[in-house]
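In mature numbering (1 follows the signal peptide of the UniProt record, and there is no 0), the protein residues as written are -25 to -1, 1 to 255.
Here a beta-carbon is modelled for each residue, glycine too, at the ideal position from N, C-alpha and C.
The block underneath contains the structure these notes are about, expressed in structure tokens.
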């Protein structure tokens, strides 16, 4: 029994030592594995942490960069828009001013010619109207209107013929005179003779296309009518009070004649003559 104890004791010791060594080796091996796994996972964690931090930094920086670029772009676009609108406005104003200036310069001669033409025509019509008022004055202040109308008709016919002979009127005016003579033979009443006289004067003045010719013709007719009326007053065919109207008519016709000459001098600078009118 004692011998068995002596033999078993070293054996137990060997077994215990062996177990202790095995346990210690496993412990050491386990620590090494754990340390190796920790060492192996550490770079991965560091890389992950590095990329994570970089990702967070990028996520934080990207919005800032985007916001800065967007604000700069908006400022640049706003400046470009304002500059473009300002340039467009200045260009439009300059173009409008140039266009207005060109149109004004181009329309000014036309307006001047139109105004001059209308003024000349108005003065001519006023002088013809003055002749008609002289005729009516002579008729109203006479006890024999037919005699007055015949005398004034013949006077006008002679003056028109003289203008034709002097070259103031062309030869075509003979047709107007012949027609007037034929119509005069058919007239029986005062109103018909009066209208014939008015139509004759209107036709001859209208036949004279040039404004200078109209002015000269009207001057001749006005002077001849005034002389004929004074002659009829001396004969007693027309009352003497008609001389008052005759004097006023002479002054008015002189003023209109001066105005017409002035307009004709302006017309000679570039205005075109023309225009026609009629009497009723």
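Next on the checklist: If you measure between the beta carbons of residue 171 and residue 102, is that distance less than 8 Å?
Outcome noted: Locating residue 171 in the chain shown gives position 196, counting from the first residue. Locating residue 102 in the chain shown gives position 127, counting from the first residue. With contacts defined by Cβ atoms closer than 8 Å, residue 171 and residue 102 do not form a contacting pair.
Next on the checklist: According to DSSP, simplified to helix, strand and coil, what is residue 103?
Outcome noted: Within the chain shown, residue 103 is the residue found at index 128, counting from 1. Of the three classes helix, strand and coil, the one that applies to residue 103 here is helix, per DSSP.
Item to check | Span separating the alpha-carbon of residue 232 from that of residue 98 | outcome: As a working note, residue 232 is residue 257 in the chain shown. As a working note, residue 98 is residue 123 in the chain shown. Going by C-alpha positions, residue 232 is about 8 Å away from residue 98.
Next on the checklist: Between which two residues does the alpha helix (DSSP H) holding residue 200 run?
Outcome noted: The sequence position of residue 200 within the chain shown is 225, counting from 1. That run of the alpha helix (DSSP H) goes 186 to 210.
Next on the checklist: So, does the segment 154 to 172 touch the segment 190 to 208, judging by three or more C-beta pairs under 8 Å?
Outcome noted: When Cβ pairs closer than 8 Å are counted between the two stretches, the segment 154 to 172 is seen not to touch the segment 190 to 208, the count staying below three.
Next on the checklist: If the criterion is Cβ atoms closer than 8 Å, does the pair residue 224 and residue 109 meet it?
Outcome noted: Walking along the chain shown from the start, residue 224 turns up at place 249. Walking along the chain shown from the start, residue 109 turns up at place 134. Result yes, Cβ atoms of residue 224 and residue 109 sit closer than 8 Å.
Checklist entry - Shortest alpha-carbon distance to residue 176 belongs to which of 47, 210, 131? => result Start at 1 with the first residue of the chain shown, and residue 176 comes out as number 201. From the listed residues 47, 210, 131, the smallest Cα separation to residue 176 is found for 131.
Item to check | Sub-8 Å separation of residue 135 and residue 144 beta-carbons | outcome: As a position in the chain shown, residue 135 is number 160, starting the count at 1. As a position in the chain shown, residue 144 is number 169, starting the count at 1. Closer than 8 Å, so yes.
Checklist entry - Which stretch, first to last residue, makes up the alpha helix (DSSP H) that contains residue 183? => result Numbered from 1 along the chain shown, position 208 holds the residue referred to as residue 183. Unbroken run through residue 183: none, as it is neither H nor E.
Checklist entry - Heavy atom of the ligand SAM less than 7 Å from the Cβ of residue 52, yes or no? => result The ligand content of the structure shown is nil, which means the ligand SAM is not present either.
Item to check | Supposed close pair residue 119, residue 212 - CB separation, criterion 8 Å | outcome: For the purposes of this step, residue 119 is taken as residue 144 along the chain shown, with counting starting at 1. For the purposes of this step, residue 212 is taken as residue 237 along the chain shown, with counting starting at 1. A Cβ-Cβ distance of about 6 Å is found for the pair residue 119 and residue 212, placing them in contact under the 8 Å criterion.
Next on the checklist: In whole angstroms, give me the CA-to-CA distance for residue 164 and residue 133.
Outcome noted: As a position in the chain shown, residue 164 is number 189, starting the count at 1. As a position in the chain shown, residue 133 is number 158, starting the count at 1. Approximately 22 Å, taken between the alpha carbons.
Checklist entry - Between 58, 229, 243, which lies nearest to residue 106 when the distance is taken from Cα to Cα? => result For the purposes of this step, residue 106 is identified with residue 131 of the chain shown, where counting begins at 1. The shortest C-alpha separation from residue 106 is found at 229.
Next on the checklist: For residue 121, report the span of its alpha helix (DSSP H) as first-last.
Outcome noted: As a first step, residue 121 is located in the chain shown; it is residue number 146 there, counting from the start. Secondary structure note for residue 121: its alpha helix (DSSP H) is the uninterrupted segment 120 to 141.
Checklist entry - How would you write the range of the alpha helix (DSSP H) that residue 221 sits in, first residue to last? => result Within the chain shown, the letter at position 246 stands for residue 221. Its alpha helix (DSSP H) spans residues 217 to 242.
Checklist entry - Which residues in the same chain as residue 216 place their Cβ atom closer than 7 Å to its Cβ, once the five residues preceding and following it in sequence are excluded? => result Translated into positions along the chain shown, residue 216 becomes position 241. Here the set comprises 116.
Checklist entry - For residue 234, which residues from the same chain have a beta carbon less than 6 Å from its beta carbon, with the 5 sequence-adjacent residues on both sides left out? => result As a position in the chain shown, residue 234 is number 259, starting the count at 1. Excluding residues within five positions, the ones whose Cβ falls inside 6 Å are 98.
Item to check | DSSP beta-bridge partners of residue 117 | outcome: As a position in the chain shown, residue 117 is number 142, starting the count at 1. DSSP, once it has assigned bridges, lists 213 as partnering residue 117.
Checklist entry - Buried or exposed: residue 190, going by 16 or more other Cβ atoms within 10 Å of its Cβ? => result Translated into the one-based positions of the chain shown, residue 190 becomes position 215. Buried, by the Cβ-count rule.
Checklist entry - Is it true that the CB of residue 123 sits closer than 8 Å to the CB of residue 114? => result As a position in the chain shown, residue 114 is number 139, starting the count at 1. As a position in the chain shown, residue 123 is number 148, starting the count at 1. Contact flag set, yes.
Item to check | Residues near residue 195 in its chain [Cβ-Cβ closer than 6 Å; skip 5 each side] | outcome: The count along the chain shown starts at 1 and reaches residue 195 at position 220. For residue 195, where only same-chain residues beyond five positions count, the Cβ hits under 6 Å are 134.
Checklist entry - So, are the CB atoms of residue 259 and residue 208 less than 8 Å apart? => result Residue 259 is absent from the structure shown; the chain starts at -25 and stops at 255.
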